[in-house]
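Since the structure comes first, as structure tokens, the remarks are kept for the end.
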Amino acid sequence: LESIKENIYTAQRFLTGDEIKTIYMPRLVEVLRDSDKRKQENEQFKQQGEAEQEEIELIERDNQKEDELHETVAQVCGALFATHKELTLEFAEFLYQNVLVQALQPTSNDKLIKFGLLIVSNLIENLGLGLIPHFSNQLLEAVNKYATHNSSELRQVSAYSIGVLAETNPLQFESIALICLQELKKAIEIPLKSQEHRLKYFKCQDNIVAASVSYTHL
Numbered sequence: 015l016e017s018i019k020e021n022i023y024t025a026q027r028f029l030t031g032d033e034i035k036t037i038y039m040p041r042l043v044e045v046l047r048d049s050d051k052r053k054q055e056n057e058q059f060k061q062q063g064e065a066e067q068e069e070i071e072l073i074e075r076d077n078q079k080e081d082e083l084h085e086t087v088a089q090v091c092g093a094l095f096a097t098h099k100e101l102t103l104e105f106a107e108f109l110y111q112n113v114l115v116q117a118l119q120p121t122s123n124d125k126l127i128k129f130g131l132l133i134v135s136n137l138i139e140n141l142g143l144g145l146i147p148h149f150s151n152q153l154l155e156a157v158n159k160y161a162t163h164n165s166s167e168l169r170q171v172s173a174y175s176i177g178v179l180a181e182t183n184p185l186q187f188e189s190i191a192l193i194c195l196q197e198l199k200k201a202i203e204i205p206l207k208s209q210e211h212r213l214k215y216f217k218c219q220d221n222i223v224a225a226s227v228s229y230t231h232l
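Going by the numbering used here, the sequence shown opens with residue 15, and the numbers climb by one from there.
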């Protein structure tokens, strides 16, 4: 997938809308479904209670690789949005209806929510909400909602999306700027938890500050 992403950026606008629809859409969906299936099988094996510690550690490493695969899929989507713009509108609609609606539910696990937010971030940065007005408000609501989540990883992606929105879609951002700033203020005040990964926490804080600076430049 990494090579596919690089090829898309290198070749730029080389696909037709039909090719994105019939080749890339099914392939990326297949990758996600296969990955989800592997993770479900791993969890089922763990829950049986028969796995030894070494097996559990191996499963955790495998699941981490699956999470990284999801992030790479989001990056490939971003590459397509950036290089093919309006030709990806049907793909963006498909992702919203079939992935984001479920992934961004509060009942989803943090990894799935993060994947959804990464897709949203790529839609904002690489496609532009002006091309998807019929569900852009829902995406903005999700970004604001998770800006104050207890997971620093989710706050980080949300803050990044807010900053990118301020820089790339200033007119659209202006209407929700005060709400976003209020959420960012709440987010920056969330303390480091005792068992939280320090590097992830402070990276999150950096994104929150950067997003706030983007707001002041409006």
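From the three backbone atoms N, C-alpha and C, an ideal C-beta is built for every residue, glycine too. Quick caveat, the model's predicted, so the values are computed rather than measured.
Check: Which residue's Cα is closest to the Cα of K128: L145, H163 and E20?
Finding: Start at 1 with the first residue of the sequence shown, and residue 128 comes out as number 114. Of the candidates L145, H163 and E20, the one whose C-alpha sits nearest the C-alpha of K128 is H163.
Notebook entry, point to check: How would you write the range of the alpha helix (DSSP H) that Y174 sits in, first residue to last?
Noted result: Locating residue 174 in the sequence shown gives position 160, counting from the first residue. Per DSSP, Y174 belongs to the alpha helix (DSSP H) from S166 to T182.
Notebook entry, point to check: Among T86, L154 and E210, which has the Cα closest to the Cα of E16?
Noted result: In the sequence shown, the residue the question calls residue 16 occupies position 2. The residue with the shortest Cα to Cα distance from E16 is T86.
Note to self: Just to confirm my understanding: we take R52, look at its own chain, exclude 5 residues before and 5 after, and list those with CB closer than 8 angstroms. What are they?
What the structure shows: Mapped onto the sequence shown, residue 52 falls at position 38. The residues are D76 and E80.
Check: L145 and L103: beta carbons closer than 8 angstroms?
Finding: Residue mapping note: residue 145 aligns to position 131 of the sequence shown, counting from 1. Residue mapping note: residue 103 aligns to position 89 of the sequence shown, counting from 1. Yes. Within cutoff.
Notebook entry, point to check: Could you give the distance in angstroms between the alpha-carbon of E203 and the alpha-carbon of I138?
Noted result: Against the sequence shown, residue 203 aligns to sequence position 189. Against the sequence shown, residue 138 aligns to sequence position 124. For E203 and I138, the distance between alpha carbons rounds to 26 angstroms.
Item checked: Neighbourhood of A88 by C-beta, 7 angstroms cutoff - its chain only, sequence neighbours within 5 removed -> As a working mapping, residue 88 is identified with position 74 in the sequence shown. If we look at A88 and ignore the five residues flanking it on each side, its Cβ neighbours are F129, L132, I133 and N136.
Notebook entry, point to check: F28 by DSSP, collapsed to three states: which one?
Noted result: Along the sequence shown, one-based indexing puts residue 28 at 14. Here F28 sits in coil by DSSP.
Next item on the list: Following the continuous alpha helix (DSSP H) through S49, name the residue where it begins and the one where it ends.
Entry: As a working note, residue 49 is residue 35 in the sequence shown. Element bounds for S49: M39 to Q61.
Note to self: On a Cα-Cα basis, can you pick out the residue from T182, I22, F216 and K35 that is closest to V90?
What the structure shows: Along the sequence shown, read from residue 1 onward, the residue named residue 90 stands at position 76. With distances taken between Cα atoms, V90 lies closest to I22.
Notebook entry, point to check: Hey, how far is the Cα of K213 from the Cα of V223?
Noted result: Looking up residue 213 in the sequence shown gives position 199. Looking up residue 223 in the sequence shown gives position 209. Sequence inspection shows Leu at residue 213; the Lys mentioned does not correspond to that position. The alpha-carbon atoms of L213 and V223 are separated by roughly 15 angstroms.
Check: What span of residues does the alpha helix (DSSP H) with E210 cover, start to end?
Finding: Residue numbering aside, residue 210 sits at position 196 when the sequence shown is read from its first letter. From DSSP, E210 is part of no alpha helix (DSSP H); its letter is neither H nor E.
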